[in-house]
Amino acid sequence: MRRWMSVLCMVLIGTAVFAGASQEDGGNAAPTITVFTAGPGDLPAAENDVILQTLQDELGILIERTALAADYDQQLNIRIAGGNTPDLFAVSDRNQLVNVVAQEVALPLDDHLAKMPSVMAWYSESDYQKGRVDGTLYALSRRPFARYSTFLLREDWLENVGLEMPRDLDEFAAVAAAFTFQDPDGNGNDDTFGITGYDGIRSFRPIFGAFGTSHDGNWMIRDGEVVYSTTDPRYREAISWIRDLIAEGVVDPELLANKGQADMTKTFNGQIGINYRNLWEYYKPEYTEQIEAVNPSASWVQMPAISGPYGRADREWDVAVVNQLNVLSADLADQPAKLDGVLRLLDYVTDGPGQRLVLYGIDGVHHTYDGNAISVDDQAIADVTYAHNWQFTGRDELLYLSTKYEWSLGYLEFVDSQPVVPVYNGLVGLPEGVNFADLERYEDEEVAKFMYGIRPMDEWDDFIETLYDTFSLQAFVDQAEADLRANGYLE
Amino acid sequence: MVAVRETFSDRLFLFACYTFLTIMAFLAVFPLLYVVSVSITPFEEVLRHGGFVVVPRKVTLEAYAQFLSRTTIPRAYLVTTYITIAGTAINLFLTTLLAYPLSRKSLPGRGALLIFVILPMVFTGGIIPTYIVVRSYGLLNTYWAMMLPWAIWTFNAVVMKTFFEQIEQSLLDAATIDGAGEFTVLWRIVLPLSLPVLSTVGLFYGVNHWNEFFQAIMYISDPDMLPLQPVLRNILIGAESPTVDSVDVTLPADTLKMAAVVLTALPILMVYPFLQKHFTKGVLLGSVKG
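Protein chains in written order, with this note's numbering: chain Z, 205 to 695; chain R, 18 to 307.
Encoded structure:
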């Protein structure tokens, strides 16, 4: 008995010492930097992460890296509340940035910019604007992604039903109806639908674009005035139009219930003819294989913007679109070695060899760089698909994508050539004491009711009134006006 | 032996029972069958059948190969196995040491101690205070953070205490008269008689460690130390979010998701049959006579 007890105690104590020891190492030579970001994680183990290893060697720092695919905000809040703020972390939008600034965990960056010459060379005023709160720079915004999404349409179905690519709303409705009722796949069964989407009531972005407005919850500027899209009369017209479309039965009845990749499964199965999606999910070889495996004849094309009563636009596009805001912990103010490490890391990945490392992997292994152009080894680069997790400051989007995915250039240029409705959400913060999430949820629910004919359109004005009375919309409008004026978009 | 004649109504009743049980068994097995089938069917085949395959016609282990070839997965298995074994050992050790004294009626202040033990069942500290405690003990980013917090579940301790109380006092008295101390009584008499409760409670703890997720994502920021569940979630989560955040990420197909389910559930499923006999075994069969 006693022997058994003592063995157990030894084991427990032994592991405790072991566990404790592993925590203490690091010494004082190279500072250890904790980096915490959201993103489709799946980072390899640290010793297999060649990018991590190279960054550590080049910069003389140690990096402790976490990329969380889920529950990121919650984890970040716990770490901040527990007094363990990561040295470098990401927030996803302006509201979160305002929050961390209010909690005094974000380090003001204006005085440190000089230590990041590459950032200064590449960043424009509008990039900085996104990271400023009350005039102070608190975040380095990742340079934005390009636009990827449009309506995509089954071209082979279009031929089968004998119609042309739709140019305006009426033609679009006719195509959707033909895809639903004229058996476009010729299998004799009534098993197809015109339109589906992954984003619920927001799947109709190009329809809103054709009405010269955007989906609910966006800030626009028209004739020098701030317009909140939900209260825009054009938005009401668009909803009324979509309502008729849905009543006709050409929209996937599961539209609002589509979760995750449900719409893509319907794509692969050949059940739908039009979907609002990002080009990668339709043209990346991994996905085209899946489409062709079931329907070898399926051919998906990008649909140009359609015109409507207020012009022609494909979708809304945030002038200050934010994909990621990099924030430094305020604790770094009195840890100069660490601070220096984080600044050098951010600067290194912004230009030159550091940028090439986080874009294309190791020179000579995953790509070769001849001092001028880059050629990518398609086989080898598949080993570093996680590299995007290290692109803190973003990239020269078109150059990157066309180098890495040569086939994508045409599709990207197509999306880029489509006209858009500018919105300004990335610059608008939240007023204190009101809850935007409640407002958003209420809007989504009610708009869905209007779209699906559950609520009569003549109650629309009551709906807008409720937004002002119950959800304090005016406070948001005032805030938007103040923010857009401060950023020079309003007189 | 007198043969019992089954009447028609007996047979009808039996038939109804069997039918009912068959339906229930089918309802239980069907989702599992579906998961396994999809995981071993080529993805194109799954799509061709609208995502619904019950009996696979073509079989491939590609999804499993894809998973196991990731460097993070074997390591995550090791971590999970370690915290399951070591964690359950710690749990059982500490829970026993709490439950046994509480089961002895001679313990001074037993009532007050019991209240002290049971109170946290109703009121817990909350996420952030717990995080601060774990942090202040220097447990962040150690395997201990997944084993020491919640090392004793009050509920399990109470189950164990109740079981210990059912052991005949005379048995323990007899051992004491033979010169056994408290530890010897516990080790030599009580524990061998308590295998059913130890295996039950051990299984509760073990399954919980195997499924370790929450504490891992709270306290572990080093990706190399993450157990299986968060690692799988990180791989699969893209399939749940409607858009791909990065063009470089390709979403895993359904087959891959199902393979992940099988890979995580299988090992713990395999433990059940070996523990089952302890659940049903008689407890004190023949130990006290007269």
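Note that beta-carbon positions come from the ideal geometry of N, C-alpha and C, so glycine has one too.
Notebook entry, point to check: What residues of chain Z sit near R:Ala60, judged by a beta carbon separation below 8 Å?
Noted result: Note that residue 60 of chain R is Phe in the sequence shown, not Ala. Here the neighbours are Gln494, Ala497.
Next item on the list: Using a Cβ-Cβ cut-off of 8 Å, state whether Z:Val540 counts as contacting chain R.
Entry: In the sequence on display, residue 540 of chain Z carries Pro and not Val. Chain R contact via Cβ: absent.
Item checked: Proximity to Z:Glu359 [Cα-Cα], best of Z:Met661, Z:Asn499, Z:Arg426 -> Z:Asn499
Item checked: Anticipated Cβ contact below 8 Å, R:Phe157 with Z:Asn288, distance rounded -> Per the sequence shown, residue 157 of chain R should be read as Leu rather than Phe. The pair is a contact, with the Cβ atoms about 7 Å apart (cut-off 8 Å).
Notebook entry, point to check: Using a C-beta cutoff of 8 Å, does Z:Glu695 count as contacting chain R?
Noted result: no
Checklist line | Stretch pair the segment 624–641 of chain Z + the segment 416–428 of chain Z: three plus CB contacts closer than 8 Å | finding: yes
Checklist line | Terminal residues of the beta strand (DSSP E) in which Z:Tyr646 lies | finding: No beta strand (DSSP E) contains Z:Tyr646, which is instead part of the alpha helix (DSSP H) from 640–655.
Notebook entry, point to check: Taking the alpha carbon of Z:Ala350 as the point to measure from, which residue in Z:Lys488, Z:Ala378, Z:Ile476, Z:Val526 has its own alpha carbon closest?
Noted result: Z:Val526
Next item on the list: Please check if any C-beta of chain R sits within less than 8 Å of the C-beta of Z:Glu268.
Entry: yes
Note to self: With three or more C-beta pairs closer than 8 Å as the rule, is the segment 442–453 of chain Z touching the segment 41–56 of chain R?
What the structure shows: no
Checklist line | Span separating the alpha-carbon of Z:His316 from that of Z:Thr434 | finding: 41 Å
Notebook entry, point to check: Which residues mark the beginning and the end of the alpha helix (DSSP H) in which Z:Ser444 is found?
Noted result: 437–452
Notebook entry, point to check: So Z:Val531 and Z:Val239 are in contact, right, with Cβ under 8 Å, and what is the actual spacing, rounded?
Noted result: Z:Val531 to Z:Val239, Cβ: 11 Å. No contact.
Check: Is R:Ile40 helix, strand or coil by DSSP?
Finding: helix
Next item on the list: For the beta strand (DSSP E) containing Z:Asp522, list its first residue and its last residue.
Entry: 519–522
Next item on the list: Indicate whether Z:Val651 and Z:Ile478 have their beta-carbon atoms separated by less than 8 Å.
Entry: no
Next item on the list: Compare the C-beta of Z:Ile282 with all C-beta atoms of chain R and state if any pair is closer than 8 Å.
Entry: yes
Item checked: Distance CB(R:Val64)-CB(Z:Ala497) smaller than 8 Å -> First, the amino acid is wrong: residue 64 of chain R is Leu here, not Val. Yes, the Cβ-Cβ distance between R:Leu64 and Z:Ala497 is below 8 Å.
Notebook entry, point to check: Are the segment 420–430 of chain Z and the segment 487–495 of chain Z touching, with three or more C-beta to C-beta distances below 8 Å?
Noted result: no
Note to self: If distances are taken between C-alpha atoms only, which option among Z:Val580, Z:Arg409, Z:Leu671, Z:Ile566 comes closest to Z:Tyr646?
What the structure shows: Z:Leu671
Margin query: I'd like to know whether the C-beta atoms of Z:Ser322 and Z:Gly556 end up nearer to each other than 8 Å.
Written below: yes
Checklist line | Host beta strand (DSSP E) of Z:Gln506 (start-end) | finding: 504–506
Check: In its own chain, which residues sit with a C-beta less than 7 Å from the C-beta of Z:Leu311, not counting the 5 before and 5 after it?
Finding: Leu532, Ser533, Ala534, Leu536, Ala537
Next item on the list: With Z:Ser345 as the anchor, note down where its beta strand (DSSP E) starts and where it stops.
Entry: 343–345
Item checked: Euclidean distance between Cα positions of R:Thr281 and Z:Ala250 -> 23 Å
Check: Going along chain Z, which residues have a C-beta under 8 Å from R:Met235?
Finding: Gln279, Ile282
Notebook entry, point to check: For R:Ser187, is the classification buried or exposed, using 16 other Cβ atoms within 10 angstroms of its Cβ as the cut-off for buried?
Noted result: exposed
Item checked: Burial state of R:Ile57, where buried means 16 or more other Cβ atoms lie within 10 Å -> buried
Next item on the list: Compare the C-beta of Z:Pro235 against all C-beta atoms of chain R and say whether one is closer than 8 Å.
Entry: no
Check: According to DSSP, which residues form a beta bridge with Z:Arg627?
Finding: One point to set straight first is that residue 627 of chain Z is Val, not Arg, in the sequence displayed. Z:Asp522, per the DSSP bridge assignment.
Note to self: Give me the chain R residues within the contact set of Z:Gly286, using Cβ-Cβ distance strictly less than 7 Å, ordered along the chain.
What the structure shows: Ile145, Tyr148, Ile149, Arg152
Margin query: What does the alpha-carbon distance come out to for the pair Z:Lys319 and R:Phe231?
Written below: 39 Å
Check: If we ignore side chains and look at the alpha-carbon of each, how far apart do Z:Gln559 and R:Thr97 end up?
Finding: 36 Å
Next item on the list: Using a Cβ-Cβ cut-off of less than 7 Å, give me the residues of the segment 240–251 of chain R that come near chain Z, in sequence order.
Entry: Pro240, Asp241, Arg250, Asn251
Margin query: My assumption, with CB atoms under 8 Å, is that R:Ile100 sits in contact with R:Met164. Please give the rounded CB distance.
Written below: 6 Å
Checklist line | Cross-chain neighbours of Z:Leu697 in chain R, by beta carbon under 8 Å | finding: Only positions 205 to 695 of chain Z appear in this structure, which leaves residue 697 of chain Z out of reach.
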